[in-house]
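J.: Just so you know, the protein sequences line up as chains D and Y, in that order. With my numbering applied, the first sequence corresponds to residues 1 to 270, in that order. With my numbering applied, the second sequence corresponds to residues 271 to 582, in that order.
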Amino acid sequence: MKHENLCVIAKNMRRNILTMVHDAKSGHPGGSLSAVEIVTYLYFKEMNIEDPTDENRDRFVLSKGHGAPVLYSALMEKGFISKDLIGTLRQINSKLQGHPDMKKLPGVEASTGSLGQGLAIANGMALAFKLDNKDNRVFALLGDGEIQEGMIWEAAMLASHYHLDNITAIIDHNGLQIDGRNNDVMTVEPIDKKWDAFGWHVIKADGHDFESLEKAFEERKTIKGKPAVIIADTIKGKGCSFMEDKAAWHGKAPSDEEYCNAMDELGRCE
Amino acid sequence: MAKATREAYGEALKKLAAENPNVVVLDADLSGSTKTSEFKKVAPERFFNVGIAEQDLIGTAAGMAIAGKIPFASSFAMFAAGRAYEIIRNTVAYPKLNVKIAATHAGLTVGEDGASHQAIEDISLMRGIPNMTVINPADSIEAEQAVLKAAEMQGPVYIRLGRMNVEDVYDENYKFEIGKGVELKKGNDATIIATGLMVQEALKAAKILSEEGIEARVINIHTIKPIDKDIIIKAAKETNTIVTAEEHSIIGGLGSAVLEVLSDVYPVPVKRVGVLDTFGESGKPTDLLEKYHLTAKDIVEACKEAIKLKQK
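(1) In the DSSP output, what is Ser-345 of chain Y paired with across the bridge?
(2) Interface residues of chain D around Val-320 of chain Y at Cβ under 8 Å?
(3) Check whether the Cβ atoms of Gln-117 of chain D and Ile-357 of chain Y lie closer than 7 Å to each other.
(4) Note down, in chain order, every chain Y residue with its Cβ under 7 Å from the Cβ of Asn-123 of chain D.
(5) Distance cutoff 7 Å, beta carbons only. Does Tyr-364 of chain Y sit that close to anything in chain D?
(6) Under 8 Å, with one C-beta from each stretch per pair, do the region 307-318 of chain Y and the region 274-286 of chain Y reach the 3-pair mark?
(7) Can at least three beta-carbon pairs, one atom from the region 132-149 of chain D and one from the region 97-105 of chain D, be found at a separation below 8 Å?
(8) What are the residues in the region 342-360 of chain Y lying within 8 Å of chain D by C-beta distance?
(9) For Gln-177 of chain D, count the other beta carbons within 10 Å of its own beta carbon; 16 or more makes it buried, fewer makes it exposed. Which is it?
(10) Output, in chain order, the set of chain Y residues within a Cβ distance shorter than 7 Å of Leu-105 of chain D.
(11) Apart from the five residues on each side of it in sequence, which residues of its chain come closer than 7 Å, Cβ to Cβ, to Met-157 of chain D?
(12) Can you tell me where the beta strand (DSSP E) holding Phe-317 of chain Y begins and where it ends?
(13) Check whether the Cβ of Lys-339 of chain Y lies closer than 7 Å to any Cβ atom in chain C.
(14) Put Glu-453 of chain Y into one of helix, strand or coil per three-state DSSP.
(15) Per DSSP, what kind of secondary structure is Glu-517 of chain Y in: helix, strand or coil?
(16) Would you say Asp-297 of chain Y reaches chain D, if we count a Cβ-Cβ gap shorter than 7 Å as a contact?
(17) By DSSP, does Leu-300 of chain Y sit in helix, in strand, or in coil?
(18) With 9 Å as the limit, tell me which residues of the region 126-145 of chain D have their beta carbon closer than that to any beta carbon of chain Y; keep them in chain order.
(19) Taking three-plus beta-carbon pairs below 8 Å as touching, is the region 457-477 of chain Y in contact with the region 507-517 of chain Y?
(20) On the three-pair Cβ rule with 8 Å, is the region 363-370 of chain Y touching the region 490-508 of chain Y?
(21) The alpha helix (DSSP H) with His-173 of chain D in it runs from where to where?
(22) Pick from Y:Leu-564, Y:Gln-470, Y:Ile-322 and Y:Val-427: whose alpha carbon is nearest that of Thr-403 of chain Y?
(23) Does the beta carbon of Ala-372 of chain Y sit closer than 7 Å to a beta carbon anywhere in chain D?
(24) Grouping DSSP H, G and I as helix and E and B as strand, with all else coil, what is Glu-270 of chain D?
(25) Helix, strand or coil for Lys-582 of chain Y per DSSP?
(26) Could you list which residues in chain Y have their beta carbon closer than 7 Å to that of Ala-110 of chain D, in chain order?
(27) Between which two residues does the beta strand (DSSP E) containing Tyr-428 of chain Y stretch?
(28) Return helix, strand or coil for Glu-149 of chain D, following the three-state DSSP convention.
(29) Using a Cβ distance threshold of 8 Å, determine whether the region 471-482 of chain Y contacts the region 414-433 of chain Y, with at least three qualifying pairs required.
(30) Are the Cβ atoms of Val-39 of chain D and Val-70 of chain D separated by less than 7 Å?
(31) In chain Y, which residues lie with their C-beta within 9 Å of the C-beta of Ala-247 of chain D?
(32) State yes or no: is the C-beta of Leu-378 of chain Y within less than 7 Å of the C-beta of Gly-550 of chain Y?
(33) Name the chain Y residues that come within less than 7 Å of Met-102 of chain D, Cβ to Cβ?
(34) Where does the unbroken beta strand (DSSP E) through Val-404 of chain Y begin, and where does it stop?
(35) Counting pairs of beta carbons, one from the region 246-254 of chain D and one from the region 299-308 of chain Y, are three or more of them closer than 8 Å?
Written as structure tokens, this is what we have:
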């Protein structure tokens, strides 16, 4: 099977995420699980990042900072941080803060958590790389609820104004936010037309399908002179049947029993 | 010579453009007023206008700092410290990024634009954030040096600048040092601790008091955070009463910072001259300073009351 290795990594990522959130008895499993394939693809296929201190590495900004477990999990699978940290998420003195802290954890490129700010940070990096004639690319992962923040659109304008073709935004489009369906809380659709109107090249993808993601990221490489956004359709809580597509699992830890069931389910996966 | 601290900022930026290739400047559609346009003239490729978007101004500057640049981000104090507060707190100060926020048009002396543009809470907002350095220069000479020093130090800095011309307090021999208060006049009857454009008013007040036989010490606290505790405690011990003076709300600014230092170590009576928990309004800067009790005369009165308090 094509991308078999990525599937194996994605499964490990899900196990790490569930274990972290279960052990912490708090955290955000839903939006971490929805982004697993996107982050896996970025760290193991798309980005030039073999050393988190290499100046020439591509940068990943987790604008939806509550998805910290998916990022920590990727850093663990990459070998940038120890898997021994799993049990420390959200605990006192831990490097694994509830939301990512770039000063505490190597491999975290920006401190995030307050929504809406990551795209501007990513733009700043992209502008600096352009100024220095460097080839580093910057990837920012946004939540679909997160784009309700006005600052996202300030940043969207800037990227297009400065023709930042070294930046790619990926929207984890799972359709849910804390209080329910995005479009019940505050309509975000049509997402594609909004970004298009802001001067971005828009690509749609299945955010759980590596072939679809590959196609999207390959298309992105052909676009010059403008920023691009990949709207990746995902399922919140993906891979854990009782969490899937349920807003209630945005920020709740599984009980011991639920955790065992979820791990069993992942074990049974192909 | 009378010159606005924002003018000095523009001149300092021009120097930085020539001296330090890592310095970049961002503005939010106010470059003519903030004087970042001076940098744009000499280093257009390192100047970025983000449009009327102050949150984005700070967020973009944060990203540039992560990528190794030394960004100076400018807008009016109201919008830089006010509108973008949470971005400064979470995205700049929390990870201790090397972003310099040079905020102009601070205080009531914005003048005719009125209360919506008169930031009198910005020192309070900025000094409440961990990792932040807060500098409020007294004149253009101090402002220029503060900008250059801010570029040299690592970490976030908020520099508060004004629109109005202010008389020189210093001459060209002055050496500015971040975090170090400056005793401008000796005296042991009371101490006036001032910041920003109130430093010149403090000096005028001390002169008036001197003519009446009262010798007030005058200290310029240009760095409100980290504050020079030693010079404040020494003044409290030697003069036993203190007056603070700032073009800022009496809540949370220099006066509060001085009180915090003293109440922990050596409490003495303190009178605060500042904006009395009220919004400003439109008017000529000098009329506003008078109406809102921010003149040498107000400092003189506060000093006399402070001296009475210590005699009780």
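Note that the Cβ used here is the ideal one computed from N, Cα and C, for glycine as well. Treat the numbers as computed from the prediction; the structure is a model and nothing was measured.
T.: Straight from the coordinates:
(1) Y:Ala-373
(2) Glu-154 and Leu-158
(3) yes
(4) Thr-330 and Gly-333
(5) yes
(6) yes
(7) no
(8) Glu-356, Ile-357 and Asn-360
(9) buried
(10) Going along chain Y, no residue has its Cβ under 7 Å from Leu-105 of chain D, so there is no contact; the nearest lies around 11 Å.
(11) Phe-198
(12) 317-319
(13) Among the protein chains in the structure shown, which are D and Y, there is no chain C.
(14) strand
(15) strand
(16) no
(17) coil
(18) Ala-126, Leu-127, Ala-128, Phe-129, Leu-131, Asp-132, Lys-134, Asn-136 and Val-138
(19) yes
(20) no
(21) Run containing His-173 of chain D: none in the alpha helix (DSSP H); it sits in the beta strand (DSSP E), 167-173.
(22) Y:Val-427
(23) no
(24) Low confidence applies here, because Glu-270 of chain D scores a pLDDT of 38, under 50, leaving its location unreliable; read the following figure in that light. Here Glu-270 of chain D sits in coil by DSSP.
(25) coil
(26) Ile-336
(27) 427-430
(28) coil
(29) no
(30) yes
(31) The contacting residues do not exist; Ala-247 of chain D stays about 25 Å from chain Y at best.
(32) yes
(33) Pro-365
(34) 403-405
(35) no
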